[in-house]
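This report refers to the structure that appears directly beneath it.
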Amino acid sequence: MATNEGIADFMKSGPRRLRDAEELLTEPRVNPNSSDADRRHLRGAMYLAGYAVECMLKAYLIDQEGTQSLSGAQGKINERRASRGEPPIKDIAHTSAGHSIGLLVALTDLATRPGYEPKLWGQLSAWRTEWRYASDYPSRVEAELFIRAVRSATDWLQPGVIDV
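Taking this note's numbering, I'd label the letters of the sequence shown as residues 26 to 189.
Written out as structure tokens, the structure is:
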């Protein structure tokens, strides 16, 4: 199985998933008159938008660590943690640990960067991969606010913060 964990992969995927999410907010073309047409794709839009942020954070982490891959970045992080007597982080390249927005942000120096907004990143940390299984419908306002937050974060990260 091929693994896409290089910075270029994440830099391409992040904006694409966000565009996918934004498109899901538009009027559906299939069964546009059904009773759920106004909310049918909202959870999917939020789910994909979360992946956009995840991809951008992984690209930032790779760039920050000066490596070519997420595994390489994790190796450098774990070397530092070992030198301080801290336990290693889990495999963020190939396990669910790498889907945690909060963990990914914590592994970076983003909080020290000009323009970092803790409230925004706290809002984005609410994203869960379990949303792919959710059968509930978030409100349109909730979905639009989340995707607007994702757009703000990704616009801030690219290209000014990530130096690729």
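Glycine residues also receive a C-beta, built at the ideal position from the N, C-alpha and C atoms.
Since the structure is predicted, the reported quantities are computational estimates derived from the model, not experimental observations.
Alpha carbon to alpha carbon, how far is residue j from residue i? Give it in angstroms, no decimals.
i    : j    : result
A62  : I126 : 30 Å
S121 : K115 : 9 Å
L43  : P113 : 31 Å
Q93  : G69  : 31 Å
V166 : L50  : 11 Å
G39  : E79  : 7 Å
S150 : V130 : 9 Å
E52  : Y158 : 22 Å
L67  : A178 : 19 Å
Can you check which of these residues, the options, is closest to residue i by C-alpha distance?
i    : options               : result
Q183 : Y85, A168, A151, P139 : Y85
K144 : W156, F171, S164      : F171
Y76  : R54, G97, W152, G91   : W152
According to DSSP, is residue i helix, strand or coil?
i    : result
V175 : helix
G69  : helix
G110 : coil
S121 : helix
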